[in-house]
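Colleague: Counting from 1 along the sequence shown, just add 17 to a position and that's the residue number in this note's numbering.
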Amino acid sequence: MLTLLNDYVDGALAPELCTALETHLAACQNCQIVLDTLRKTVYLVQQLPEAPVALPEEVEQRLFAALALADFL
Ligand SMILES: [Zn+2]
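Okay, structure coming up:
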């Protein structure tokens, strides 16, 4: 069931399976919760940059300076 939900969230599920899953979801609170969690997880992962990069210290300081300045505007 979890693999099905994964495919469903990814939009990779066959349309007939989607319909079957949606019918099941309408009656199964357990899977509704799992789907909700999956969707949030997928959303969060998509917000991440491809490879997390640490900001160089100089850039970081400029950023902090800019943010502090923005507080006075
Ligand atoms: Zn279920």
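C-beta: ideal position from N, C-alpha, C; glycine also.
In this structure, does DSSP put Leu21 in helix, strand or coil?
Modeller: helix
Colleague: Cβ atoms of Leu42 and Val26: under 8 Å apart, would you say?
Modeller: no
Colleague: For Pro66, does the three-state DSSP call read helix, strand or coil?
Modeller: coil
Colleague: For Glu33 and Asn23, I'd like the C-alpha separation in whole angstroms.
Modeller: Answer to the nearest angstrom: the Cα atoms are 16 Å apart.
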